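To start, the structure under review is shown below, and the notes come after it.
There are 2 protein chains.
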Amino acid sequence: MSQGKSALEALKEKWQIISALGYTGSLMTWDQETYMPPAGASPRARASAIVGRLAHEMSTSKEYGDLLDRAEKEVEGKDPEDPDFLMVKVARRDFERNVKVPPDLVARLREAEVHGVQVWQEARKKNDFAMFAPYLQRIVDLEKELAQSLGYKEHPYDALLDAFEPEMTTSEVRALFDNLRSQLVPLVAAISDRQSMVDDAILGRHVPFQQQMSLAQDLVKLLGYDLDAGRIDISAHPFTQGLASRDVRITVRVYENRMDSCLYAAAHECGHAVYEQGIPEEFEGAPLHSPASLGVHESQSRMWENVVCRGKDFLSFYYPRIQEMLPEQFGDVSFEDFYRAVNKSVPSLIRVEADEVTYNLHIMLRFDLELGLIEGSIDVNDLPRLWNTKMEEYLGIVPDSDANGVLQDMHWSSGLFGYFPTYTIGNVMSLQLYSKAVEDYPSIPSDLSSGDIGSLLRWMREHIHVHGRKYVPQELLERATGSRLDVGPYISYLRSKYGEIYGLLEE
Amino acid sequence: MSQGKSALEALKEKWQIISALGYTGSLMTWDQETYMPPAGASPRARASAIVGRLAHEMSTSKEYGDLLDRAEKEVEGKDPEDPDFLMVKVARRDFERNVKVPPDLVARLREAEVHGVQVWQEARKKNDFAMFAPYLQRIVDLEKELAQSLGYKEHPYDALLDAFEPEMTTSEVRALFDNLRSQLVPLVAAISDRQSMVDDAILGRHVPFQQQMSLAQDLVKLLGYDLDAGRIDISAHPFTQGLASRDVRITVRVYENRMDSCLYAAAHECGHAVYEQGIPEEFEGAPLHSPASLGVHESQSRMWENVVCRGKDFLSFYYPRIQEMLPEQFGDVSFEDFYRAVNKSVPSLIRVEADEVTYNLHIMLRFDLELGLIEGSIDVNDLPRLWNTKMEEYLGIVPDSDANGVLQDMHWSSGLFGYFPTYTIGNVMSLQLYSKAVEDYPSIPSDLSSGDIGSLLRWMREHIHVHGRKYVPQELLERATGSRLDVGPYISYLRSKYGEIYGLLEE
Chain A
1 MSQGKSALEA
11 LKEKWQIISA
21 LGYTGSLMTW
31 DQETYMPPAG
41 ASPRARASAI
51 VGRLAHEMST
61 SKEYGDLLDR
71 AEKEVEGKDP
81 EDPDFLMVKV
91 ARRDFERNVK
101 VPPDLVARLR
111 EAEVHGVQVW
121 QEARKKNDFA
131 MFAPYLQRIV
141 DLEKELAQSL
151 GYKEHPYDAL
161 LDAFEPEMTT
171 SEVRALFDNL
181 RSQLVPLVAA
191 ISDRQSMVDD
201 AILGRHVPFQ
211 QQMSLAQDLV
221 KLLGYDLDAG
231 RIDISAHPFT
241 QGLASRDVRI
251 TVRVYENRMD
261 SCLYAAAHEC
271 GHAVYEQGIP
281 EEFEGAPLHS
291 PASLGVHESQ
301 SRMWENVVCR
311 GKDFLSFYYP
321 RIQEMLPEQF
331 GDVSFEDFYR
341 AVNKSVPSLI
351 RVEADEVTYN
361 LHIMLRFDLE
371 LGLIEGSIDV
381 NDLPRLWNTK
391 MEEYLGIVPD
401 SDANGVLQDM
411 HWSSGLFGYF
421 PTYTIGNVMS
431 LQLYSKAVED
441 YPSIPSDLSS
451 GDIGSLLRWM
461 REHIHVHGRK
471 YVPQELLERA
481 TGSRLDVGPY
491 ISYLRSKYGE
501 IYGLLEE
Chain B
1001 MSQGKSALEA
1011 LKEKWQIISA
1021 LGYTGSLMTW
1031 DQETYMPPAG
1041 ASPRARASAI
1051 VGRLAHEMST
1061 SKEYGDLLDR
1071 AEKEVEGKDP
1081 EDPDFLMVKV
1091 ARRDFERNVK
1101 VPPDLVARLR
1111 EAEVHGVQVW
1121 QEARKKNDFA
1131 MFAPYLQRIV
1141 DLEKELAQSL
1151 GYKEHPYDAL
1161 LDAFEPEMTT
1171 SEVRALFDNL
1181 RSQLVPLVAA
1191 ISDRQSMVDD
1201 AILGRHVPFQ
1211 QQMSLAQDLV
1221 KLLGYDLDAG
1231 RIDISAHPFT
1241 QGLASRDVRI
1251 TVRVYENRMD
1261 SCLYAAAHEC
1271 GHAVYEQGIP
1281 EEFEGAPLHS
1291 PASLGVHESQ
1301 SRMWENVVCR
1311 GKDFLSFYYP
1321 RIQEMLPEQF
1331 GDVSFEDFYR
1341 AVNKSVPSLI
1351 RVEADEVTYN
1361 LHIMLRFDLE
1371 LGLIEGSIDV
1381 NDLPRLWNTK
1391 MEEYLGIVPD
1401 SDANGVLQDM
1411 HWSSGLFGYF
1421 PTYTIGNVMS
1431 LQLYSKAVED
1441 YPSIPSDLSS
1451 GDIGSLLRWM
1461 REHIHVHGRK
1471 YVPQELLERA
1481 TGSRLDVGPY
1491 ISYLRSKYGE
1501 IYGLLEE
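Residue numbers (this note's numbering), protein chains in the order written: chain A, 1 to 507; chain B, 1001 to 1507.
Structure below.
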């Protein structure tokens, strides 16, 4: 270290390096899912593991810890809103978490996950849960060990959840989910009884690849996604990958006989992308340059996808453009019919295909089960049976196979325990944020109905995006809306929207 | 370092990390030229500089130097063909070169190059050399400083050339070029007098983008390019980027009214790619996993492009497939007419569009000038005048503008002094290698005329590709062919091929 340099300055230089390594990791991830030739997988896995390990070593070294100690002293007494103060605070949280995980546990987890994913793919193909069970057991054991290493106050699951939703606790999630479930289950049942009221067959009309991509491009531009600083590609599963504020890429997939898949994937990923494009460039190369949590991330994607693009205001503006671009397919379909089709709600087996009403019940089921696995109250071998029982209880349907049941998601095989709840947290947040935005800017609904997302985006920029990772999610939410997580706005929204669509309001 | 680990083992671990960083650099380069959104350029430049600096620091550190010293002792007395012995030898060469360059010079060069490229682009657009001159002067000064830092025996240019063509000297290049030029200038003049004998207008027939890409795909597969471990994309300038032996990507560009551009770019890049795919995977993560030099690299691309794909043997097999795929455009064109068209030779202003006879004179002109700049016998401000004089002398034509003259190439603006000669070295080598291959496997010409590149590829695999960077280029060449660089086979080839096409054989 050169003379006269402060510890914070030295730390900032380290962050620049660690963040550049993270940048290359993001590029590798994006490339892997889009253009990497198949045979490139094995050198990719190697390079990616080495770069990841290097970044981890740099951010857990004794030297790093010493710099952090000294930098903390340097920022002591600063305004708690000062970016330097907040950077050091966030870096401390990361450091404490990172140093608690023994490198050999990381290596064992990584290895178990690689095998886990391989066997899971095979098991799903063969509809053979028993084949996957011992591998899942191994991962569960290592996740328990991870939770012990990390430490927790109340519940070992807290330690895992914290990786995705900082400072959120199991008991908070449980309370939130219990509340939500008690209101959703009857709503889903009521809608189920009225299936015939909505017909979505028109969405199966054939729309060629190129037309779907043009539509997606058109939509995301309107939604505020800067394509000069982004792009749309194709991948097996849609995702968003940010490399920097000015380089945030999304992907979609196209089914020519189900046009809403690409359109709404574009809207969803665009919500993620617009968030990442809104994180200030000046945070780049520092711990603040990141979304606040997966839940907050999902609040943005769900809002853009469901509240905006499946909502009457924006869709009443946008549907005529769809008709104009696809006159053969939708020239004869009324707005009302299209609106109802894209909002059809029906209990189904597969989470990623679920509508916004039933979706959260899929999440709660997974939360119940993974919680049981981590606390040891559920045996891996009982999962298929418990899965099916819960499906019946929550959604009133039972999977025809484990492939369409307990084996459908990749998360557990890749060690992502504590991840699922963030989807529902995002849904709940999205309505808290949207409602507050409308309260602050009452013109939002009418702006949306003239295709102008400016006011809504401005509110999100000012209250969410601009903060990056300054605050933990619940603090960010409270600053933005005045409340912590609250299912109220979300339930009102679902009741009102689906009550109208399914004629339930009189009940 | 853990107990009992040898210095070589520790060094191999370091190489793995340095090589993983290099891997991410390759991916960043590829992405930058293919899919990176425009606004991503600035964060990309930052990440790429940081990762490059990190790799440079790791490979020039005191710790690295000590390990290298100790590893050298460990491999002392080993068989000089032992991969470990060769690895350490190559690492020593790299290390000695790398440590001689002061980090601040690297930084000043990088900065001068960034500005150089920006101003050069502008200057070329405006046809204004004077605007570029001071920036070029700055780069020349820094390149001279670089040569002094690196050290040299005879000529400062040796030090620069060595980066691209290890252990090649200025006087060797000069002798080679003098010899070649004395034979090429009269050949070019004789062909120029007979321009009307070859008409390439048919190559201007319209071939749509998609058909050109299908043709390129078809061709490269036949040429041995494994597309499971590679891919073809579009970029402004065709290039090859290897990430690993099993992930080597090429690009082309498509002019719908000049179909040979994409086709022969594909053949050329395929030559580069097949070479990189042939470097043994077991060298990955070590200093041997790399082509021997730019010249050797170019010998492969030129051979595949010119000797094979513009040669009568292979083309007599392949042209009917072109006709089959493009019946509307080439159904009525005879093989002879197509063969002559793709081999038309005519003095032209732009290097990258030059044919294989005139191409080398473009290179020699640049070599003369950059040599003069580095030794101080040429003033930057005299470049436009000298360029035009040399064009007249070598090719019998004079540029209509500096944009089409001294400003056409990016190399000097990006500090690539010592790079140009490798193109001609590659051309010369390509015929030495091809001739020796045919001597060893006499069936090659007839194999090619039945579309079978197996025997030729096998020879290249065995004598060139498999060695990676074990030997310096002239040693590799001597091992493969029994001779060092020798213009003989190349001149015979050109005389025979173009003598036949332009009816010069009787002279």
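Ideal placement from N, C-alpha and C gives every residue a C-beta, glycine not left out. All figures in this text were calculated on a predicted structure; none of them were measured in a lab.
Beta carbon of residue i nearer than 9 Å to that of residue j
i: residue 1060 (chain B); j: residue 1095 (chain B); result: yes
i: residue 1380 (chain B); j: residue 1159 (chain B); result: no
i: residue 335 (chain A); j: residue 348 (chain A); result: no
i: residue 1186 (chain B); j: residue 1149 (chain B); result: no
i: residue 194 (chain A); j: residue 494 (chain A); result: no
i: residue 472 (chain A); j: residue 167 (chain A); result: yes
i: residue 163 (chain A); j: residue 418 (chain A); result: yes
i: residue 113 (chain A); j: residue 415 (chain A); result: yes
i: residue 258 (chain A); j: residue 203 (chain A); result: yes
i: residue 266 (chain A); j: residue 250 (chain A); result: yes
i: residue 269 (chain A); j: residue 301 (chain A); result: yes
Paired residues, beta bridge with residue i - DSSP
i: residue 252 (chain A); result: A:234
i: residue 244 (chain A); result: A:247
Where residue i meets chain B, residues with beta-carbon distance less than 9 Å
i: residue 284 (chain A); result: 1043, 1046
Rounded straight-line distance, which links the Cα of residue j to that of residue i
i: residue 1227 (chain B); j: residue 1464 (chain B); result: 21 Å
i: residue 239 (chain A); j: residue 189 (chain A); result: 31 Å
i: residue 100 (chain A); j: residue 146 (chain A); result: 9 Å
i: residue 1507 (chain B); j: residue 1338 (chain B); result: Caution applies to residue 1507 (chain B), whose pLDDT of 48 falls short of 50 and renders its modelled position unreliable; the model cannot decide the point.
i: residue 283 (chain A); j: residue 63 (chain A); result: 23 Å
i: residue 1373 (chain B); j: residue 1383 (chain B); result: 9 Å
i: residue 501 (chain A); j: residue 359 (chain A); result: 18 Å
i: residue 422 (chain A); j: residue 65 (chain A); result: 30 Å
i: residue 1490 (chain B); j: residue 290 (chain A); result: 58 Å
i: residue 1247 (chain B); j: residue 458 (chain A); result: 43 Å
i: residue 330 (chain A); j: residue 50 (chain A); result: 51 Å
i: residue 1377 (chain B); j: residue 1135 (chain B); result: 18 Å
i: residue 118 (chain A); j: residue 441 (chain A); result: 49 Å
i: residue 1026 (chain B); j: residue 1241 (chain B); result: 7 Å
i: residue 14 (chain A); j: residue 1110 (chain B); result: 21 Å
i: residue 1005 (chain B); j: residue 1080 (chain B); result: 23 Å
i: residue 1 (chain A); j: residue 11 (chain A); result: Since pLDDT at residue 1 (chain A) reaches only 43, below the 50 mark, its modelled position is unreliable, and no value is offered.
i: residue 1453 (chain B); j: residue 1223 (chain B); result: 6 Å
i: residue 1019 (chain B); j: residue 1288 (chain B); result: 11 Å
Where residue i meets chain A, residues with beta-carbon distance less than 7 Å
i: residue 1216 (chain B); result: Residues of chain A passing the Cβ test: none, with the nearest at roughly 16 Å.
i: residue 1104 (chain B); result: Correct list: empty, because the minimum Cβ distance to chain A is about 13 Å.
i: residue 1244 (chain B); result: 40, 43
i: residue 950 (chain B); result: Since the first and last residues shown for chain B are 1001 and 1507, residue 950 (chain B) lies out of range.
i: residue 1228 (chain B); result: 37, 38, 39
Per-residue contacts from residue i into chain B (C-beta, under 8 Å)
i: residue 51 (chain A); result: 1020, 1021, 1024
i: residue 231 (chain A); result: 1035, 1037
Chain-ordered chain A contacts of residue i [CB-CB under 8 Å]
i: residue 1036 (chain B); result: 247
Distance cut-off 8 Å: residue i Cβ against heavy atoms of the ligand ZN
i: residue 309 (chain A); result: Ligands are entirely absent from the displayed structure, and the ligand ZN is therefore not among its contents.
Cross-chain neighbours of residue i in chain A, by beta carbon under 9 Å
i: residue 1017 (chain B); result: 50, 51, 53, 54
i: residue 1158 (chain B); result: Going along chain A, no residue has its Cβ under 9 Å from residue 1158 (chain B), so there is no contact; the nearest lies around 34 Å.
>> Measuring CB atoms only, is the segment 1028–1047 of chain B touching the segment 1089–1107 of chain B, in the sense that at least three cross pairs come out at less than 8 Å?
In response: Taking 8 Å as the limit for Cβ pairs, the verdict is that the segment 1089–1107 of chain B does not touch the segment 1028–1047 of chain B.
>> Assess contact between the segment 360–377 of chain A and the segment 400–418 of chain A, defined as three or more Cβ pairs (one per stretch) separated by less than 8 Å. Is contact present?
In response: Three or more pairs of CB atoms, one per stretch, sit closer than 8 Å, so the segment 360–377 of chain A contacts the segment 400–418 of chain A.
> Touching or not, the segment 294–308 of chain A and the segment 1068–1080 of chain B, by the rule of three or more beta carbon pairs under 8 Å?
Replying inline: Contact annotation: the segment 294–308 of chain A does not touch the segment 1068–1080 of chain B, with fewer than three C-beta pairs closer than 8 Å.
>> Three Cβ pairs or more, each shorter than 8 Å: is that satisfied between the segment 1271–1289 of chain B and the segment 1199–1219 of chain B?
In response: No: fewer than three Cβ pairs fall under 8 Å.
>> Closer than 8 Å is the cut-off here; do at least three beta carbon pairs connect the segment 1125–1140 of chain B with the segment 1400–1407 of chain B?
In response: Touching, yes, given that three or more Cβ pairs across the two stretches are closer than 8 Å.
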